[in-house]
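>
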Amino acid sequence: MKVYPPLYLMGRKINCWRCDAKTSVVGILAPAVDYPEEFKDPEYPDDEEEPLIFVSIDHIPATILSFIQALVPGYKLQDSRTAGHEYYGNSCRACGALIGDHYIHSEPGGAFFPTNAEEAQRIYLTEIPLLEADEISAELSIGRGGLILDNAQRVVRKLE
Ligand SMILES: [Zn+2]
């Protein structure tokens, strides 16, 4: 689907589920997406302004990928047995374990699943350089983008 600037990289440090080392995980937040009808959430039928989070990304423009990897080298194409397909996701910088999108995006209290403003404040947000509309192929997570956008800490420094 088409994404338009601005596009944000969300970052957080978490403890690896396997080796307990501190590691950075990232995700992509998009306030402006031209998304297909089937992605629209029945809970938000009229709210096309709701910022979205991309999960299970299977295509990402090379410029965006290199921007992310310069900050967080562990972000790469992962073979997920849980998801049953490859997608761009996070891995632990210490042991290399996959830190699945489900783990950070889909469970309340997870890295990118804040349930209140205080949890959202632990997320860092930096703008991804994007000069014009580009294509990303992914699933969408709807409903927490606004909370994150309103409360996360804006940074211009490196995430890692
Ligand atoms: Zn680890």
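In our numbering, the protein residues as written are 1173 to 1332. We put the beta carbon where it would ideally sit given N, CA and C, even for glycine.
1. Let's test the definition: count the other Cβ atoms within 10 Å of the Cβ of Thr1298 and tell me whether it reaches 16, buried, or not, exposed.
2. Since Leu1224 and Leu1321 should fall inside the 8 Å C-beta cutoff, what is the C-beta to C-beta distance between them, to a whole number of angstroms?
3. Name the residue from Asp1230, Ile1240 and Ser1278 whose alpha carbon lies nearest to the alpha carbon of Gly1256.
4. Express the C-alpha separation of Gly1199 and Arg1294 in angstroms, rounding to a whole number.
5. Beta strand (DSSP E) containing Thr1235: first to last residue?
6. Looking only at its own chain, which residues have a Cβ that is under 8 Å from the Cβ of Val1205, when we skip the five neighbours before and after it?
7. For Thr1287, write down the residues that DSSP places opposite it in a beta bridge.
8. Going by C-alpha distance, which of Val1328, Trp1189 and Ile1236 is nearest Ala1266?
9. Between which two residues does the beta strand (DSSP E) holding Ile1225 run?
10. Just reading off the alpha helix (DSSP H) that Tyr1275 is part of, what are its end residues?
11. Are the CB atoms of Gly1272 and Thr1195 within a distance shorter than 9 Å?
12. Could you give the C-beta distance for Asp1306 and Pro1233, rounded to a whole number, given that I count them as a contact under 8 Å?
13. At which residues does the alpha helix (DSSP H) containing Cys1314 begin and terminate?
14. Under 8 Å: does the beta carbon of Arg1184 sit that close to some heavy atom of ligand 1?
15. Taking all protein chains shown into account, do 16 or more other C-beta atoms lie within 10 angstroms of the C-beta of Cys1191, making it buried, or fewer, making it exposed?
16. Would you call Leu1303 buried or exposed, if buried means 16 or more other Cβ atoms sit within 10 Å of its Cβ?
17. DSSP three-state label for Leu1303, please.
Taking the geometry as given:
1. Reading the sequence shown from its first residue, position 126 is the one you call residue 1298. Result: buried.
2. As a position in the sequence shown, residue 1224 is number 52, starting the count at 1. As a position in the sequence shown, residue 1321 is number 149, starting the count at 1. About 10 Å separates the two Cβ atoms, so there is no contact after all.
3. Taking the sequence shown and counting its residues from 1, the one referred to as residue 1256 is at position 84. Gly1256 has its Cα closest to that of Asp1230, out of Asp1230, Ile1240 and Ser1278.
4. As a position in the sequence shown, residue 1294 is number 122, starting the count at 1. As a position in the sequence shown, residue 1199 is number 27, starting the count at 1. Spanning the two alpha carbons is a distance of roughly 14 Å.
5. Within the sequence shown, residue 1235 is the residue found at index 63, counting from 1. No beta strand (DSSP E) holds Thr1235; the alpha helix (DSSP H) holding it covers Ala1234 to Leu1243.
6. By one-based count along the sequence shown, residue 1205 stands at place 33. For Val1205, where only same-chain residues beyond five positions count, the Cβ hits under 8 Å are Met1173, Lys1174, Val1175, Tyr1176, Leu1224 and Leu1312.
7. What you label residue 1287 is simply residue 115 of the sequence shown in a count that begins at 1. Thr1287 is not bridged to any residue.
8. For the purposes of this step, residue 1266 is taken as residue 94 along the sequence shown, with counting starting at 1. Ranking the options by Cα distance to Ala1266, first place goes to Trp1189.
9. What you label residue 1225 is simply residue 53 of the sequence shown in a count that begins at 1. From DSSP, the beta strand (DSSP E) with Ile1225 extends over Leu1224 to His1231.
10. Residue 1275 sits at position 103 when you count from the first residue of the sequence shown. From DSSP, the alpha helix (DSSP H) with Tyr1275 extends over Asp1273 to His1277.
11. As a first step, residue 1195 is located in the sequence shown; it is residue number 23 there, counting from the start. As a first step, residue 1272 is located in the sequence shown; it is residue number 100 there, counting from the start. Contact: no.
12. The residue labelled residue 1306 in the question sits at position 134 within the sequence shown. The residue labelled residue 1233 in the question sits at position 61 within the sequence shown. Indeed they touch by this definition, with Cβ atoms about 5 Å apart.
13. Here residue 1314 refers to the residue found at position 142 when the sequence shown is read from its first residue. Correcting the residue identity first, residue 1314 is Ile in this sequence and not Cys. Taken as a continuous stretch (DSSP letters only), Ile1314 belongs to no alpha helix (DSSP H), being part of the beta strand (DSSP E) at Ser1309 to Ile1314.
14. Counted from its first residue, the sequence shown places residue 1184 at position 12. Incorrect: Arg1184 has no Cβ contact closer than 8 Å to ligand 1.
15. Sequence index remark: in the sequence shown, residue 1191 carries index 19 (1-based). By the neighbour-count rule (16 or more Cβ atoms within 10 Å), Cys1191 is not buried but exposed.
16. The sequence position of residue 1303 within the sequence shown is 131, counting from 1. When all chains shown are included, Leu1303 counts as exposed.
17. Translated into positions along the sequence shown, residue 1303 becomes position 131. Coil, per DSSP.
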